[in-house]
Amino acid sequence: MPDNAVKKELYPPGDFGVWIIIYVELITFGLFFIGYAFSRRANLEMFNHSQLMLETTSGFINTLFLVTSSYFVVKAVTSIQNLTHDRREEFNKKASKWLLLAMLFGAGFLVNKIFEFSHMFGEGLSLSTNKFFMFYFMLTGFHFMHVLLGTVILFNIFQRTRIHGYTVEDHKGIISGAAYWHMVDFLWIILFPLVYIIR
Amino acid sequence: MTKTLEIVWIILVGLTIFAYLLGHLHYINSFFVAILLVTTFIKVQLVLDYFMELKNVTGKYRWIPSIWLTIVISLIAVAYYLPA
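Quick mapping for you: the protein sequence lines, in order, are chains A and B.
This note's numbering puts the first sequence at residues 1 to 199.
This note's numbering puts the second sequence at residues 1001 to 1084.
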């Protein structure tokens, strides 16, 4: 084996339990996405017309929030992975700084989405308006719950880094939480163009 | 490694801006939808490989999310392009 070859792992990083959750979420959201695409095909004019009422800029800003938050979480994980026993405090501090930023961006997503929802409800739009809005509210509402849960998970990880709770040997918790957060991120990466842009 | 993460983030942001501009300027047609689907595939694969570190995993656990992604994006394309 060449010196620069990276040793491949047999299992994905973090606790395997979180990956089971991720696989279940992939099936659920996958069915939603495909269901949306084929419903749109059957109701093309109505979907295209209804889509014009969405706030694309809000969806765009939310994508930036999640993508950037995901990046901050990777930086936090990298800080923990690079820590040494003599500099444990310093690297945990660094990680908690990145996690705080990630949470703020997650909260930014939630606040922006609440404004978007309240604007839509104010316009008289709801789940029962038509099939497009049924999908819109179901998909984005379900995803919103995931962002909320993800933010709570990040907060828990943040609390642990603040008390220097992670070590090189024991940091599966932060990696598992990070994996969940990245899943929330990439589901939105598909949802944004599918629901807000493609017509 | 650190630089790689920054590059991945820049690509993700760049492709998001591209998608937004297409939608905002109403430049959406069949050709651009294909581009959007390809760029969405690339973005998710980048998150899987570099943020979730699946590029360092071998065997089925490396490929399960990628196969899911391929199926989802392909079926969205089928729903969009298949003649009525």
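Note that the Cβ used here is the ideal one computed from N, Cα and C, for glycine as well.
As the structure is a prediction and not an experimental result, all values here were calculated from the model.
Give the C-beta separation of Thr63 of chain A and Trp188 of chain A to the nearest angstrom, bearing in mind that I take them to be a contact with Cβ-Cβ under 8 Å. 6 Å
When the Cα atoms are used, what is the spatial distance from Lys1026 of chain B to Met120 of chain A? For the sequence presented, residue 1026 of chain B should be read as His rather than Lys. So the alpha carbons of these two residues sit roughly 21 Å apart.
With a threshold of 16 other CB atoms inside 10 Å of the CB of Ser70 of chain A, please say whether the residue is buried or exposed. buried
Tell me the rounded alpha-carbon separation between Gln1045 of chain B and Ala107 of chain A. Answer to the nearest angstrom: the Cα atoms are 25 Å apart.
Using alpha carbons as the reference points, say which of A:Arg41, A:Phe142, A:Lys113, A:Glu123 lies closest to Ala1084 of chain B. Among A:Arg41, A:Phe142, A:Lys113, A:Glu123, the Cα nearest to that of Ala1084 of chain B is on A:Arg41.
Could you check the C-alpha separation between Met48 of chain A and Lys7 of chain A for me, to the nearest Å? Strictly speaking, residue 48 of chain A in this sequence is Asn, with Met absent from that position. About 48 Å.
Return yes when at least one heavy atom of the ligand SAH lies under 8 Å from the C-beta of Trp181 of chain A, else no. Of ligands this structure carries none, so the ligand SAH is not represented either.
To be precise: take each residue of the stretch 5-31 of chain A, compare its Cβ to all Cβ atoms of chain B, and keep it if any distance is under 7 Å. Which residues remain? Val6, Lys8, Glu9, Leu10, Tyr11, Pro12, Pro13, Tyr23, Leu26, Gly30
Please give the ranges of any alpha helix (DSSP H) in the stretch 171-196 of chain A, keeping only runs that are unbroken, at least 4 residues long and fully inside the region. 172-191
So Val195 of chain A contacts chain B; which residues on that side make the cut at Cβ distance below 9 Å? Correct list: empty, because the minimum Cβ distance to chain B is about 11 Å.
Within 10 angstroms of its Cβ, does Asn1029 of chain B collect 16 or more other Cβ (buried), or is it exposed? exposed
Could you tell me the alpha carbon to alpha carbon distance between Met1 of chain A and Arg162 of chain A, rounded to whole angstroms? Here the model assigns Met1 of chain A a pLDDT of 44, short of 50, so the residue's position is not dependable, and the following value carries that caveat. Each residue's Cα considered, the two are about 40 Å apart.
Can you tell me whether DSSP reads Val1057 of chain B as helix, strand or coil? Strand at Val1057 of chain B.
Could you tell me whether any Cβ in chain B is nearer than 9 Å to the Cβ of Thr84 of chain A? no
Cβ-based neighbour list, Ser58 of chain A, same chain, cut-off 7 Å, excluding 5 preceding and 5 following: Asn112, Glu116
What's the C-alpha gap between Lys94 of chain A and Phe1031 of chain B? 44 Å
Let me check one thing: in DSSP terms, what residues is Glu9 of chain A bridge-paired to? B:Val1057
For a test of the three-state rule: what should DSSP assign to Leu1021 of chain B, helix, strand or coil? Three-state result, Leu1021 of chain B: helix.
Kindly indicate which residue of A:Asp86, A:Asn92, A:Phe38 has the alpha-carbon position closest to the one of Ser79 of chain A. A check of alpha carbon separations from Ser79 of chain A across A:Asp86, A:Asn92, A:Phe38 identifies A:Asn92 as the nearest.
Close-in-space but distant-in-sequence residues of the same chain around Thr1058 of chain B (CB under 8 Å, 5 per side omitted): Cβ within range, chain order: n/a, list empty.
Helix, strand or coil for Asp15 of chain A per DSSP? coil
Answer yes or no: do Val73 of chain A and Leu99 of chain A have a C-beta to C-beta separation smaller than 9 Å? Yes, Cβ-Cβ distance for Val73 of chain A and Leu99 of chain A is below 9 Å.
Only counting the same chain, and skipping five residues up and downstream in sequence, which positions put a Cβ closer than 8 Å to that of Arg160 of chain A? Here the set comprises Tyr166, Gly173, Ile174.
Lys1060 of chain B, buried or exposed, once every other Cβ within 10 Å from all chains shown has been counted against 16: It counts as exposed.
Between the stretch 141-161 of chain A and chain B, which residues of the former have CB atoms less than 8 Å from a CB of the latter, in chain order? The residues in question: there are none.
Under 9 Å Cβ-Cβ, which residues of chain B neighbour Tyr166 of chain A? By Cβ distance, chain B contributes nothing, its closest Cβ being about 16 Å from Tyr166 of chain A, past 9 Å.
Listed by chain order, chain A residues near Gly1059 of chain B by CB distance under 7 Å: Leu10
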